[in-house]
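K.L.:
Please read through the structure below; I'll follow up with questions.
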Amino acid sequence: MTIRLRNVVVISALVASGCSGPRVVVEDVNPLYSRTEFFAAADGRDLRTIVLGNPFGVSAFDGAVTDIMTSTPVGPKTRFTTTPGPSANRDYSVAVAFNPSPDVLAVNLCNVQSLPTAAAQRPIVVRAAFCAGGGEASAVSGYLDQATGPEDPKFVGLIRNLTQQLFPG
Numbered sequence: 029m030t031i032r033l034r035n036v037v038v039i040s041a042l043v044a045s046g047c048s049g050p051r052v053v054v055e056d057v058n059p060l061y062s063r064t065e066f067f068a069a070a071d072g073r074d075l076r077t078i079v080l081g082n083p084f085g086v087s088a089f090d091g092a093v094t095d096i097m098t099s100t101p102v103g104p105k106t107r108f109t110t111t112p113g114p115s116a117n118r119d120y121s122v123a124v125a126f127n128p129s130p131d132v133l134a135v136n137l138c139n140v141q142s143l144p145t146a147a148a149q150r151p152i153v154v155r156a157a158f159c160a161g162g163g164e165a166s167a168v169s170g171y172l173d174q175a176t177g178p179e180d181p182k183f184v185g186l187i188r189n190l191t192q193q194l195f196p197g
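The sequence shown: position 20 = 48 (our numbering), numbered continuously.
Set out below in structure tokens:
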């Protein structure tokens with residue numbers, strides 16, 4: 029699917045879904061994505077997670093996001109962390125961007141170490157990618173109208189759903 033068509037599909041799905049709760053759209057699952065490879069890369073390991081942006085402007089936001097991701101069942105027992113230990117396989121990572129400004133496709137996050145974000149922007153837009161060998165293996169986008177902070181059940185639901193969709197079974 030071309031990038032332009034993919035943008036139209038993602039935006040149309042977000043608009044069509046209404047404006048009530050969190051929504052997650054699978055943007056891309058690369059044909060090279062392998063559940064077996066994900067288990068080999070992440071089971072019992074730290075998984076380096078880059079969190080870009082902070083829609084609430086609170087301290088320890090990165091840790092709140094990775095804690096939610098870690099507590100979400102995705103198959104292998106992995107610890108999503110911005111400070112991976114020696115168990116991490118450096119060929120794999122996750123990139124999560126909140127309110128990228130200008131917007132960016134989730135599939136383009138694997139080679140980004142920083143990008144401008146809009147902190148207080150509503151709705152909250154989040155893009156995420158599972159990166160393998162420098163390229164994306166899977167990518168998802170999420171959207172949430174309103175949340176009060178990283179402990180808000182709607183925000184927690186968004187991150188849980190995003191994490192589950194990022195690692196399809």
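Yeah, the Cβ is synthetic: ideal placement off N, Cα and C, and Gly gets one too.
Could you tell me which of G161, V153, Q192 and L190 sits nearest to F84, measuring between CA atoms?
P.N.:
If you number the sequence shown from 1, residue 84 lands on position 56. Comparing Cα-Cα distances from F84 to each of G161, V153, Q192 and L190, the minimum goes to V153.
K.L.:
Using the Cβ count rule (16 or more neighbours within 10 Å means buried), how would you classify P128?
P.N.:
On the sequence shown, position 100 is the one that residue 128 refers to. Buried, since its Cβ has 16 or more Cβ neighbours within 10 Å.
K.L.:
Please report the distance separating the alpha-carbon of R34 from that of S166.
P.N.:
Residue mapping note: residue 34 aligns to position 6 of the sequence shown, counting from 1. Residue mapping note: residue 166 aligns to position 138 of the sequence shown, counting from 1. Per-residue confidence for R34 stands at a pLDDT of 42, beneath the threshold of 50, marking its modelled position as unreliable; the derived number appears in the next sentence. For R34 and S166, the distance between alpha carbons rounds to 14 Å.
K.L.:
Hey, quick one: how far does the alpha helix (DSSP H) through T94 stretch, first residue to last?
P.N.:
As a working note, residue 94 is residue 66 in the sequence shown. Element bounds for T94: F89 to T98.
K.L.:
Of the residues G177, G49, C159 and P151, which one's Cα is nearest the Cα of Q141?
P.N.:
Reading the sequence shown from its first residue, position 113 is the one you call residue 141. Of G177, G49, C159 and P151, the residue nearest in Cα terms is C159.
K.L.:
With the cut-off set at 8 Å, would you say T109 and T94 are in Cβ contact?
P.N.:
Against the sequence shown, residue 109 aligns to sequence position 81. Against the sequence shown, residue 94 aligns to sequence position 66. A contact, by the Cβ cut-off of 8 Å.
K.L.:
Taking the alpha-carbon of V86 as reference, which of P178, P59 and L172 has the nearest alpha-carbon?
P.N.:
Within the sequence shown, residue 86 is the residue found at index 58, counting from 1. Nearest option by C-alpha distance: P178.
K.L.:
Output the distance between the C-alpha atoms of P196 and V57, rounded to the nearest integer angstrom.
P.N.:
As a first step, residue 196 is located in the sequence shown; it is residue number 168 there, counting from the start. As a first step, residue 57 is located in the sequence shown; it is residue number 29 there, counting from the start. About 8 Å.
K.L.:
Using DSSP's beta-bridge definition, name the partner residues of S169.
P.N.:
As a position in the sequence shown, residue 169 is number 141, starting the count at 1. In DSSP, S169 forms a bridge with V53 and R155.
K.L.:
Helix, strand or coil, according to DSSP, for E179 in the structure here?
P.N.:
Looking up residue 179 in the sequence shown gives position 151. Correct three-state label for E179: coil.
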